[in-house]
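Everything on this sheet refers to the single structure shown next.
Residue numbers (this note's numbering): -6 to 122.
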């Protein structure tokens, strides 16, 4: 008998409806919720079918996407773009990548005499102005 009274107002013997004023209001809200769930489920199924359709077409030997379509799809998705780039860079084994535009620093010039050192110093000071 205890289990039957769960969710019931002990004083009146009526169910506790929470924020709903009547059983009809609760039933109406449940129906609306169920209808919304159905609409969302149908929309999700339609989107999943749209997503699967190009893959099935390509797998069945249909026309593959054009290069422009692929490029647009990759550029619109940051995750795919990063993965393509990292895969490409990983495939470049043995090729040193240079930061800063590829400028190679020249080895330092060591003067052989005091006169040559003076000229280097004057040139350096003139560049600093």
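Using N, Cα and C, we set each Cβ at its ideal position, and we do this for glycine too.
Can the beta-carbon of residue 104 be found less than 8 Å from the beta-carbon of residue 113?
Going by C-beta atoms, residue 104 is nearer than 8 Å to residue 113.
By DSSP's criteria, residue 100 is part of a beta bridge. Which residues make up the other side?
DSSP, once it has assigned bridges, lists no residue as partnering residue 100.
How close, in whole Å, do the beta carbons of residue 19 and residue 26 come, if the pair is a contact with beta carbons under 8 Å?
Going by Cβ atoms, the distance from residue 19 to residue 26 rounds to 11 Å, so no, they are not a contact pair.
Kindly indicate the opening and closing residues of the alpha helix (DSSP H) around residue 68.
Segment 60 to 69, the alpha helix (DSSP H) holding residue 68.
Check whether the Cβ atoms of residue 159 and residue 68 lie closer than 8 Å to each other.
In this structure the chain extends from -6 to 122, so residue 159 is not present and cannot be described.
Tell me which residue opens and which closes the alpha helix (DSSP H) that residue 12 is part of.
Element bounds for residue 12: n/a, residue is neither H nor E.
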